[in-house]
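Here is the structure we will look at.
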Amino acid sequence: MAVKRNRTRQPTGEFTLKIRDFRGRWSDRIVAAFAFLIPLVVVMPAKDTFRTAKDALFRGEAILLVALYVAAAMVRPPRDVAINWRQPAVILPFLIVAWTAITTIFSSNPSRSLDGLVTVCASTVVFFATVGFAKRRGFKTLFFILVPAVINAIVGALQEFDVWQPFQTPANITHHQRSSALIGNPNDAGGYLAAAALAALAGSIVSREYRRAVVIAAVALIAGLFVNQTLTAIIAFAIAALVMAAMRSKTKAIAAAVVGLAAIALVFALFGPWQRRVRNMRGWVRTGNYNALFTNRGAPFITAALMARDHPFLGVGPSCFAFEYFPYKFEAEKRVPSLRSSYTRGTNYGEVHNDHLQVLAETGVPGYALFLAVIAALASMSLSHQTAVPSERRDFTRMLAFPLAAELFVLTLAQFPLELTAVLSELIFLAALCTAWVDG
Amino acid sequence: MRVREIVALVIVAPLTIFGLYRCTYLPVHCSIVCATAERQLLAAMNNSDDYAGMVAGRRVQDALRSCVIHPLQIDPPLLTALSYRLTHQYLRSIEWYEHALTVDRRPEIYFGLGMTQLKAGRRAEAMQNLTVAVAFDPRVLDGIDDGAVREEVKRRVNAQYGAGWMPSTR
Numbered sequence: 001m002a003v004k005r006n007r008t009r010q011p012t013g014e015f016t017l018k019i020r021d022f023r024g025r026w027s028d029r030i031v032a033a034f035a036f037l038i039p040l041v042v043v044m045p046a047k048d049t050f051r052t053a054k055d056a057l058f059r060g061e062a063i064l065l066v067a068l069y070v071a072a073a074m075v076r077p078p079r080d081v082a083i084n085w086r087q088p089a090v091i092l093p094f095l096i097v098a099w100t101a102i103t104t105i106f107s108s109n110p111s112r113s114l115d116g117l118v119t120v121c122a123s124t125v126v127f128f129a130t131v132g133f134a135k136r137r138g139f140k141t142l143f144f145i146l147v148p149a150v151i152n153a154i155v156g157a158l159q160e161f162d163v164w165q166p167f168q169t170p171a172n173i174t175h176h177q178r179s180s181a182l183i184g185n186p187n188d189a190g191g192y193l194a195a196a197a198l199a200a201l202a203g204s205i206v207s208r209e210y211r212r213a214v215v216i217a218a219v220a221l222i223a224g225l226f227v228n229q230t231l232t233a234i235i236a237f238a239i240a241a242l243v244m245a246a247m248r249s250k251t252k253a254i255a256a257a258v259v260g261l262a263a264i265a266l267v268f269a270l271f272g273p274w275q276r277r278v279r280n281m282r283g284w285v286r287t288g289n290y291n292a293l294f295t296n297r298g299a300p301f302i303t304a305a306l307m308a309r310d311h312p313f314l315g316v317g318p319s320c321f322a323f324e325y326f327p328y329k330f331e332a333e334k335r336v337p338s339l340r341s342s343y344t345r346g347t348n349y350g351e352v353h354n355d356h357l358q359v360l361a362e363t364g365v366p367g368y369a370l371f372l373a374v375i376a377a378l379a380s381m382s383l384s385h386q387t388a389v390p391s392e393r394r395d396f397t398r399m400l401a402f403p404l405a406a407e408l409f410v411l412t413l414a415q416f417p418l419e420l421t422a423v424l425s426e427l428i429f430l431a432a433l434c435t436a437w438v439d440g
Numbered sequence: 001m002r003v004r005e006i007v008a009l010v011i012v013a014p015l016t017i018f019g020l021y022r023c024t025y026l027p028v029h030c031s032i033v034c035a036t037a038e039r040q041l042l043a044a045m046n047n048s049d050d051y052a053g054m055v056a057g058r059r060v061q062d063a064l065r066s067c068v069i070h071p072l073q074i075d076p077p078l079l080t081a082l083s084y085r086l087t088h089q090y091l092r093s094i095e096w097y098e099h100a101l102t103v104d105r106r107p108e109i110y111f112g113l114g115m116t117q118l119k120a121g122r123r124a125e126a127m128q129n130l131t132v133a134v135a136f137d138p139r140v141l142d143g144i145d146d147g148a149v150r151e152e153v154k155r156r157v158n159a160q161y162g163a164g165w166m167p168s169t170r
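Sequence order for the protein chains is W and E. 1 is the number of the first residue of the first sequence in our numbering; add one for each residue after it. 1 is the number of the first residue of the second sequence in our numbering; add one for each residue after it.
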């Protein structure tokens, strides 16, 4: 923790700047290093090869950042702390922390909820540190997200085409389920790739200096997304891309939609796994098997709704859906007997697979309102600001923010990115970029 | 300024190291320990040698002693409960299964608790927990070796949840 010291007496202002400079440099290094590493780190001998390491690294990042900022404040206490509480990007994280703390106190399992509260606090710390990082740095900070995403896309593709299987999997795991990339699960990898692909697409439109590199990344990520075959992620990305196109030109958006639909039809017609999926979905619609249409997630959806019905204001508590799933599942099966024939009947769901319902069930209506407020605040960054300085960074925010909000909204309808550290840290990074660059 | 730097270092550094140890190193270390423990216990259960089972159980108990730290980690208490079953310490096993139920509620925990309670002679509690486990996941019924217990559990599930609760092939 060495601070370069001049032997002669320093004016107070210069020393303060040195502390801030030291704090800023090391904060940036920590943010950049962990943003790059979290999506890539796996621990092969661990029980959970993927998630445990990423969760641990995320918390480690937050601990290091807090230590750095506390130490800097102890060495040089700030004279005045000016916080602009009117900014949604400032007040919303604090409201989320506050509401999570309140729902933790009244949780059905406070020790579980304490873990959720720690994650929310860590997310807030990392978000603000990343905003500072992005403000100090240029457009190429985007590569700290894109490079690991491209690596994951390549690994996922190599697994899907049976070129390379770095991880041992049980014999009863299907071929497609083994295409986990370095994220842990094809569905999780799909959500992760969708957000990165959208950022790369926005960057390729906006950037002049790094256009070639970002276009290559965008192509790799979009191809990786289709090879990944996660329907929700592909739909979320497609909707977000259309929103992005419509922001530039409605005519172009319509043309893009037509081309996109044609491309999708071609993929469905030519690619075997997609053909099988379409056949299965037709069968389920014909037989009225809507639970299968929702990939057997009827039970978690209904149990989450029942939890929200019983605890509308405070929810069951952060991270407590899994704990409350067991008793509520009996009620769900009594109300909807068709759930008893689901092939995942014995599965004890840890997540709803729908973050809208999960947030509602765990933190009640106020918590869900905060979630929607975050999405709205992100989307609003695409609106032009009068004080905004035209720049590549400002254009990037304008191009990405609204589509990213739309993608997040759709993705959370059938996935749980807020519970996956790899995807959550990526979304926090992108949201922080948008926040930092909203004024150029 | 040097004094403040030293004070900051003395206060912040140990707390940071402790936080990193507790929140970063220990969860990963315990995940590795749990993976090894699970392999050892499964191998011991598949082996008919009772002595090998007891040795495996003791090893796992020692290995997992420092790993019951994370409120959401269900594996350490579950594996500890299983290890006590293998070493025929049924009361300790029951305690750990009940502790696991405060962390998470899963059919395998209720099933393991019920089977251990059967071995410990606590039949009434065992039947209750096995009924809950089978009602959640009817497939676990096949894991009950005792035919009489299996039939009794099936009868209880049908009585408590209705005739159509169990799949028709059972």
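Using N, Cα and C, we set each Cβ at its ideal position, and we do this for glycine too.
- Under the 7 Å criterion on CB atoms, residue 348 of chain W is classed as interfacial with respect to chain E.
- Shortest Cα-Cα distance from residue 233 of chain W to any of W:353, W:313, W:433 involves W:353.
- Just measuring C-alpha positions, the residue of W:55, W:70, W:85, W:176 sitting nearest residue 16 of chain E is W:70.
- For residue 439 of chain W, the nearest beta carbon of chain E is not closer than 7 Å to its own beta carbon.
- In this structure the segment 165-183 of chain W does not lie against the segment 195-209 of chain W, because fewer than three pairs of beta carbons, one per stretch, are closer than 8 Å.
- Approximately 4 Å separates the beta-carbon atoms of residue 116 of chain W and residue 319 of chain W; this is inside 8 Å, confirming the contact.
- A check of alpha carbon separations from residue 241 of chain W across W:57, W:188, W:203 identifies W:203 as the nearest.
- Interface with chain W (7 Å Cβ-Cβ cutoff): residue 16 of chain E is included.
- Taking 8 Å as the Cβ-Cβ cut-off, the segment 43-59 of chain W approaches chain E at 43, 45, 46, 47, 48, 52, 53, 55, 56, 57, 59, given in chain order.
- A Cβ-Cβ distance of about 11 Å is found for the pair residue 127 of chain E and residue 157 of chain E, leaving them out of contact under the 8 Å criterion.
- With a 10 Å radius around the Cβ and a threshold of 16 neighbouring Cβ atoms, residue 229 of chain W comes out buried.
- Taking all protein chains in view, the Cβ of residue 166 of chain W is surrounded by fewer than 16 other Cβ atoms within 10 Å, so the residue is classified as exposed.
- For residue 161 of chain W, no alpha helix (DSSP H) segment is defined, and its DSSP state is neither H nor E.
- Against chain W, the beta carbon of residue 107 of chain E has neighbours under 7 Å at 346, 348, listed in chain order.
- Ranked by Cα distance from residue 238 of chain W, the first of W:408, W:153, W:161, W:214 is W:408.
- Within its own chain, the residues whose Cβ lies closer than 6 Å to the Cβ of residue 363 of chain W, once the five positions on either side in sequence are excluded, are 103, 315, listed in chain order.
- Comparing alpha carbon positions, the residue from E:84, E:91, E:92 closest to residue 41 of chain E is E:84.
- By the beta-carbon neighbour count (other beta carbons within 10 angstroms, threshold 16), residue 45 of chain W is exposed.
- Remark: C-beta atoms of residue 31 of chain E and residue 48 of chain W approach each other more closely than 7 Å.
- Taking C-beta separations shorter than 8 Å and ignoring five residues to either side along the sequence, the partners of residue 131 of chain W in its chain run 89, 432, 435, 436, following chain order.
- With respect to residue 97 of chain W, residue 66 of chain W sits apart: the two C-beta atoms are not nearer than 7 Å.
- The beta carbon of residue 87 of chain E is closer than 8 Å to those of 53, 54, 57, 58, 61 in its chain, skipping five residues each way along the sequence.
- Under the Cβ criterion of 7 Å, residue 6 of chain E is not counted among the residues facing chain W.
- Chain E places a beta carbon closer than 7 Å to that of residue 70 of chain W, counting this residue as a contact.
- Taking a C-beta distance under 7 Å as the contact criterion, residue 245 of chain W and residue 236 of chain W do not qualify as a contact pair.
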